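Under full-length UniProt numbering, the sequence shown has 77 at position 77, and the numbering climbs by one with no breaks.
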Amino acid sequence: MIEQNIPEKMGGTIAGMTATCGAAFRQMPEELARITAFVEAEMKGQNLPNAPSNRDEFIATTFARMYPLVLSSDECRQAVENMMKKSGVGDGSALKLREGNPQYAIGPERAHAMYMTGNAVMGAILLVTAGETERPLTTDEGVQYDPTN
């Protein structure tokens with residue numbers, strides 16, 4: 001049986017994680033910049049042979065591709081861990097890989113770190129897509145991709 005107050009608990013937890021993310025991003029812009037630079041470089045180098053036909057699909061497929069890349073990047077993981085530690089959420093080791101840790105088992109600290117990572121990735125994707133970068137995205141054929149249609 002599902003508890004009746006799950007939405008309230010979830011809403012409170014997400015609001016808390018969002019507040020922590022916002023504070024960490026403001027307090028440590030250099031760490032956020034490391035993640036943003038990584039995402040921007042990956043997006044500008046990405047292969048878009050079958051570019052989605054609309055903006056929403058483009059953002060969703062880009063997030064699905066970028067999120068695991070950021071989690072696999074030592075530099076990005078370190079940036080998130082530094083922000084977590086400075087924010088007082090754990091000891092800064094939430095994203096460290098551990099032997100014997102079941103693949104899908106995560107605790108609250110790791111969930112928070114993954115939420116922070118997701119926010120950084122989505123923010124970077126939206127900035128790049130909005131044209132807040134030096135050069136536009138192009139398809140394999142060299143055609144500029146316009147995600148606004």
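We put the beta carbon where it would ideally sit given N, CA and C, even for glycine. Everything numeric in this text was worked out from a predicted model, so none of it was measured.
Annotated three-state conformation of Glu42 is helix, per DSSP.
Here the C-alpha atom of Glu30 lies approximately 26 Å from the C-alpha atom of Ala60. Here Lys86 carries a helix assignment [DSSP, helix/strand/coil].
Secondary structure of Gln27 (DSSP, three-state): helix. By the 16-neighbour rule on beta-carbons within 10 angstroms, Arg26 is exposed. Contact between the segment 58 to 75 and the segment 7 to 22 is absent: fewer than three C-beta pairs spanning the two stretches fall below 8 Å. No Cβ-Cβ contact shorter than 8 Å links Ile106 with Met43. Counting the other Cβ atoms within 10 Å of the Cβ of Ser87 gives 16 or more, which makes it buried. Per DSSP, the continuous alpha helix (DSSP H) segment holding Ala111 begins and ends at 108 to 129. Taking 8 Å as the cut-off, the beta carbon of Val121 is found closer than this to the beta carbon of Met66. Here Glu57 is exposed. Its C-beta has fewer than 16 other C-beta atoms within 10 Å. Of Met10, Pro68, Ala79, the smallest CA-CA separation from Ala24 is found for Ala79. The shortest CA-to-CA distance from Met10 to any of Val128, Thr117, Glu132, Ala111 is the one to Ala111. In this structure, Leu127 and Ala113 do not form a Cβ contact; the two beta carbons are roughly 21 Å apart against a cut-off of 8 Å.
Within the same chain, Glu42 come within 7 Å of Leu69 by CB-CB distance, once the 5 residues on both sides are set aside.
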